[in-house]
Amino acid sequence: MSVVVGIFPPLPAFGVAAAAPLQLPFSILFSPPSFSHPPSPMASAPTHFRLALLVKDAQPSELFQLFLTRQPSPPSASPPHPLLDVDVWDLPSTPLASLLRGKHPPHNDDPRLFKAISNVTYNLECLGLKGFDVCAAVAQIQARIFPTGGPCKSWRYWKYIEEPEFGPNPPIHTIVFLTETFTDEACFAADGEWIDPHMAYSMLVNADSKQKRIGTLAMFAFSSHFPSGLSFKYNLSIHGQEYPPGVFVAPMDSATLSPFSKTNLVVMAPTAPLHHPVDTTVAVACGDALICDPGCYPSAAHAQLAKIVNELPKKLLIFVTHHHHDHVEGLPTVKQNNPRAIIIAHEKTLQRMGKDYGLDCIAVDGGSKLVISGQELEIISAPGHTDGHLGLFHRATGTLLVGDHCVGHGSSVLDSNSGGNMEDYLTTCKRFIELAPKVIIPAHGYPTLWPLHMLQNYIRHREAREAKVLCAIQRGARTAYQVVSQAYQDTPPAYWPAALMNVKLHLNHLKIISQIPSDFNMDEFDRSSKAPFILRCLPAAASHMLQKPLLSIMGTSLAGSLSVIVVVGAVACLWTKKK
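Residues 1147 to 1725 in this note's numbering are what the sequence shown lists, from first letter to last.
Quick look at the structure:
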């Protein structure tokens, strides 16, 4: 992520532009302080922008404080789960809504806001950003700070923050302004709090189950008062984000499945203060840094990976969550640049990876410990996506790396050819919930600050999908196409071939719990799930693509959907020819 510094950071956790001022999803990359003018107008503006305000204590003092507001949590299902994510506190922010073409900005009659609106409008135009409802955005942020009315101080441009492209939705870039006020103002919002750097750092690195947390923008605002981050310490120049301290995430181009196009490379070298010595004798391996799932592709991404590996310490561990190619294709590049690096993975993952990468390997399972930069990481058994899938948990910061168990948009596809199992998947969700993580970092898409909400939704989603599969069978569906087309009516037909794997796992689970009707023949279902299923999917997928407006199918979704159609069509033709 790039940061431009001025004269003086509904479900964003899933990459969706929100209509309410929630926390921005992981857009922060530390960079040393610098000073410049606002950039020249940008050649191409991204889809979504957000306005944020850094409210600083105006009292001349060595005590540096910022006013943070409690961020609304995602809506909970009914009945609510007994375990809930703790509150997140961040800079007050709101999306910048685009005005309709030719429409003039609405006039705000509040004289207190006139100067702030004028200054924000001017600086946005300097950034090449025009056609936004600045009046509404400024008024919303002012109301978050002073809900009953209060002084509107001068707003000064502070930073422009570009979010990494986690995908599949466009990144949300943030324009941050700075204002100063006195902490003794009587009309501050009740859901706001003055927080100093010491308290903020403690929130980030002491993941007590009841400890409140600060968001990504607030962490960036406090960064100059924190120990140096990974990107600064190791000069990581790649576009990524660091949250919490010591955990750096860089989305790398990879040959993964649509709608994603990137795999998150995670670099870990925790910096949390140690309250007691770590027993390295119980660790299966120790290192100065760790990378997780180097699955980048093509050559340009390998060049980026090579640069990162060269910048990291030579005592490097490579944690592989599972064997899929979009998680391991960068291993030859790691070997070329650091032949001393050690692969850490489940025994089944090492077997399925197949070729010898020329690196030492250590087979591990759930409960094993790693020590990275003097801190303990726990390996979590996480079968479901595959039977050798693993997670990695840093308890001090509550950071959980989940591989493909979770994704930042939609739900994961389980690999039935590699031991994927629905019962195991749900058990892993519950195991992750028991860990009470504070942040989940998936291999694809946005990390989330609402991990318990995400995991609980996954369980509900899988249970609801299984109920749809059973309902389809009870209504007479017997072939693969009949079951999938009914159970996945809410999913584009281009993705039904991938959904078929999940349906098979749901059927296996229903069979185990004796819910399958006696007249349902699994052998006939399996036979219908090959070429007949794929050939039936092609017309439905093509019809779906033709019905969509041209503008809405351009870009990644179009390329991904067409590639799926081409691939399944080619497979069907080859299979038919072989028969």
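The beta carbon of each residue, even a glycine, is placed where N, CA and C say it ideally should be.
Check                                                                                                                                                                 : Outcome
Could you pull out every residue in the same chain whose Cβ sits closer than 6 Å to the Cβ of VAL1548, ignoring the five residues on either side in sequence?         : GLY1537, ILE1586 and PRO1588
Check each candidate in ARG1196, LEU1209 and ASP1233 and name the one with the smallest Cα separation from LEU1598.                                                   : ASP1233
Pick helix, strand or coil for THR1294, following the three-state DSSP scheme.                                                                                        : coil
Quick one: which unbroken beta strand (DSSP E) runs of 3-plus residues sit fully inside the segment 1580–1656? Chain order, please.                                   : 1585–1588
So the beta strand (DSSP E) LYS1515 belongs to, where does it begin and stop?                                                                                         : 1515–1518
Do the CB positions of VAL1553 and VAL1430 come within less than 8 Å of each other?                                                                                   : no
Beta-carbon separation of PRO1397 and PRO1310 under 8 Å?                                                                                                              : yes
Using the rule of at least 16 other Cβ atoms within 10 Å of the residue's Cβ for burial, across every protein chain shown, is VAL1474 buried or exposed?              : buried
By how many angstroms is the C-alpha of TYR1503 removed from the C-alpha of PRO1478?                                                                                  : 6 Å
So for THR1532, helix, strand or coil by DSSP?                                                                                                                        : coil
Within a Cβ cutoff of 6 Å, which residues of the same chain sit near PHE1213, ignoring the five residues on either side of it in sequence?                            : VAL1201, GLY1338 and TRP1340
Mapping DSSP to helix, strand and coil, what is THR1467?                                                                                                              : coil
In three-state terms, what does DSSP make of ALA1396?                                                                                                                 : strand
Rounded to a whole number of angstroms, what is the C-alpha to C-alpha distance between ILE1384 and ASP1279?                                                          : 33 Å
Just how far apart, CA to CA, sit PRO1178 and THR1409?                                                                                                                : Confidence at PRO1178 is low in this model, with a pLDDT of 31, below 50, so the placement of that residue should be treated as unreliable; the coordinate-derived value is given next. Rounded to the nearest angstrom, the two C-alpha atoms are 27 Å apart.
Looking at the unbroken beta strand (DSSP E) that takes in ILE1341, where does it start and where does it end?                                                        : 1338–1341
Could you compute how far the alpha carbon of ASP1506 sits from the alpha carbon of THR1325?                                                                          : 53 Å
Just reading off the beta strand (DSSP E) that GLN1521 is part of, what are its end residues?                                                                         : 1521–1527
Grab the span of the beta strand (DSSP E) containing ILE1318 for me, first residue to last.                                                                           : 1318–1327
Going by C-alpha to C-alpha distance, which of PRO1241, ALA1282 and PRO1343 sits closest to SER1370?                                                                  : PRO1343
Would DSSP call LEU1684 helix, strand or coil?                                                                                                                        : helix
With DSSP collapsed to three states, give me the class of THR1426.                                                                                                    : helix
Go ahead and label VAL1428 buried or exposed: buried means 16 or more other beta carbons lie within 10 angstroms of its beta carbon, across all protein chains shown. : exposed
The beta strand (DSSP E) with THR1240 in it runs from where to where?                                                                                                 : 1239–1241
Inspect the CB distances between the segment 1479–1490 and the segment 1415–1426 and report whether three or more fall short of 8 Å.                                  : no
What does the alpha-carbon distance come out to for the pair GLN1286 and LEU1259?                                                                                     : 11 Å
Starting from ALA1198, follow the beta strand (DSSP E) in both directions and report where the run begins and ends.                                                   : 1194–1203
Could you check which residue in VAL1424, PHE1465 and ALA1198 has the C-alpha nearest to that of PRO1241?                                                             : ALA1198
Short of 6 Å in beta carbon distance, which residues of its chain neighbour LEU1708, apart from the five on each side in sequence? Order them along the chain.        : In this prediction, LEU1708 scores a pLDDT of 46, lower than 50, which makes its location untrustworthy; the coordinate-derived value is nonetheless stated afterwards. The answer is none, since no qualifying residue turns up.
Let me confirm a value: LYS1584 is counted as buried when at least 16 other C-beta atoms fall within 10 Å, else exposed. Which label applies?                         : buried
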